Structure formats: structure tokens, C-alpha cells
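Residue numbers (full-length UniProt numbering): 1 to 166. Even glycine gets a Cβ: it sits at the ideal position worked out from N, Cα and C. Predicted model, so just to flag it, every value in this text is computed and none were measured. Below you'll find the structure, written out as C-alpha cells, and then a few comments.
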């Protein structure tokens, strides 16, 4: 049986994620809490990354698996670890509109002002989705001061500067 190729998977001639790490990330991606716990107990590092810099916390956050997210954070996962595109688990949770995961990540210390390589914060991603409840959830955690645009990030306010001025 052929294994489907996903656009995010590296080409065959590219470096591959080692099987133990791949298994751990897949368990998190599919919400298999039992496998995640078993692999952690067997010594898999909670900080393991694939060739794109994604962690199990990225995978669980992107797919809305709150129980796995909680387990990973309890085992020391860095809520602000970024992949190669500088997306944090919070970016992934917002992009996929997983509000309970967004709320939990924020309560665990996720940086709501993290900027990815496309100069987008989690708030920017929520705004682009038009998801008012996500926008409110994030801005409640770190209100953004209203100020003129700084001419960067498509004319959006500089959220990081606004946060520092408070």
C-alpha cells in the first residue's frame, strides 16, 4: 500500500526525520495520548523536532488535541519553541481555530506577540481568519495598544512595541 505524500513532507532526497521522532510526532498529531505517554516514558525527548523544526506540541496544537498538549507541557515542552518558519504552537492552534488549545497555551505562557518569518503574530492569523472569538481570547491575554501603524507588516500596528509600552 502506498503511503500518501503530504506537501509538508521532505522530498525523498532530503533529510528524513528519524523513526522514533517521527512516531512521537505522529502520535501527537493524531491525538494518541497513550502512545505519547509511552514514548515519553521510553525516553523520547519532549523537545524532539522533525526536519522542519516542528515538535509534538506543534502537532498536537495544530490538531486540537488538548489532552496531548497538556501532557506535553507537563513533561516540559517549551510553549514558545518555533519551527523553521518561526511558527509557535500558538500560531498553529490559531491557524486551525482550536480555541481551547489557544486558551491553554496562553495560560501556560505562550508568547502572543511571537512573530513568524512572514511577520505575522497569532493575532494577525486570527484577524486573517476573521475569528472574533480567537481575537478576543488573544487580546484579553495581552491587550494591544491602539496606535498608528508603523508601516511594517502590511501597515499593521507593531504589536511587540505596543506590548512593551504598557
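If you compare the alpha carbons of 17, 63, 99 with that of residue 30, the shortest gap goes to 63. When only Cα atoms are considered, residue 104 and residue 48 end up about 21 Å apart.
Burial check for residue 114: the Cβ neighbour count within 10 Å reaches 16 or more, so the residue is buried. For residue 58, the uninterrupted alpha helix (DSSP H) segment begins and ends at 56-62.
If you check the CB distance, residue 72 and residue 57 come in under 8 Å. The shortest C-alpha to C-alpha distance from residue 138 to any of 117, 119, 100, 118 is the one to 100. Where residue 138 is concerned, the enclosing alpha helix (DSSP H) starts and stops at 132-141. For residue 15, the number of other beta carbons within 10 angstroms of its own is below 16, and it is reported as exposed. For residue 27, the enclosing alpha helix (DSSP H) starts and ends at 19-29.
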